[in-house]
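113 is the number that my numbering gives to position 110 of the sequence shown; each next residue is one higher, with no gaps. A virtual CB, placed ideally from N, CA and C, is assigned to each residue, including glycine. Nothing here was measured: the structure is a model prediction, and the numbers come from that model.
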Amino acid sequence: MKRVCKPDGVVIVVDVSLPDTKIKKYNEMERNRDCSHVAALSLTEFYRLFEKVGFKNVNTDFYSMKIGLNEQLEASFPSNPIALKDMIVADVGVDDLGINVTEINNEYFLHYPIQIFFAKNN
4 MKRVCKPDGV VIVVDVSLPD TKIKKYNEME RNRDCSHVAA LSLTEFYRLF EKVGFKNVNT
64 DFYSMKIGLN EQLEASFPSN PIALKDMIVA DVGVDDLGIN VTEINNEYFL HYPIQIFFAK
124 NN
């Protein structure tokens, strides 16, 4: 990514990224939700990518993307829809998946952790 960035240019990556302790379960859920999913990267893996290509100062920011479970399921192609829904519902109050599943008035919401990585090519 650095070699295609002009001097004093910036590289910005915005993607789901989770702590190392949650990435395995998250990827398991995502592979069921979408068979084309290969793997999300952990925060550590993203930092290593930037460092590997020579970026010294990587800045980050974060936001959460909220989506209803039913809306997410309608936009998905799960290999096992029942297992996927059960996995997500069982994560309320546990957060093993890293998506802070909440229940409000018998409706479930997923809160995807979106990380913004920003590095200047100097």
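Give the straight-line distance between the Cα atoms of residue i and residue j, rounded to the nearest whole angstrom.
{"i": "N60", "j": "I85", "result": "44 Å"}
{"i": "R34", "j": "F58", "result": "31 Å"}
{"i": "A43", "j": "N108", "result": "30 Å"}
{"i": "F121", "j": "K5", "result": "12 Å"}
{"i": "G101", "j": "N73", "result": "18 Å"}
Just list the residues that DSSP pairs residue i with in beta bridges.
{"i": "D3", "result": "Because the chain is modelled from 4 through 125, residue 3 falls outside the range shown and cannot be assessed."}
{"i": "F120", "result": "V16, T63"}
{"i": "L21", "result": "S45"}
For residue i, which residues in the same chain have their Cβ closer than 7 Å to its Cβ, ignoring the five residues on either side in sequence?
{"i": "F80", "result": "D37, C38"}
{"i": "T47", "result": "D23"}
{"i": "V19", "result": "A43, Y115, P116, I117"}
How should residue i be labelled, buried or exposed, when 16 other C-beta atoms within 10 angstroms of its C-beta is the threshold for buried?
{"i": "E77", "result": "exposed"}
{"i": "M32", "result": "buried"}
{"i": "M68", "result": "exposed"}
{"i": "D94", "result": "buried"}
{"i": "S82", "result": "exposed"}
Take residue i and list the residues in its own chain whose beta-carbon comes closer than 8 Å to its own, dropping the five residues that flank it on each side.
{"i": "D98", "result": "K25, V104"}
{"i": "I119", "result": "I15, V16, V17, T63, D64, F65, Y66"}
{"i": "N30", "result": "H40, A42, A43"}
Considering only heavy atoms of the ligand MN, does any lie closer than 8 Å to the CB of residue i?
{"i": "N108", "result": "Ligands are entirely absent from the displayed structure, and the ligand MN is therefore not among its contents."}
Starting from the N-terminal side, write out each stretch of the beta strand (DSSP E) that is 3 residues or longer and does not extend beyond the segment 54 to 79. Counting only runs of 3 or more, we get 61 to 71.
Write down every uninterrupted run of the beta strand (DSSP E) in the segment 88 to 121 whose length is 3 residues or greater and which is fully enclosed by it, in chain order. 105 to 107
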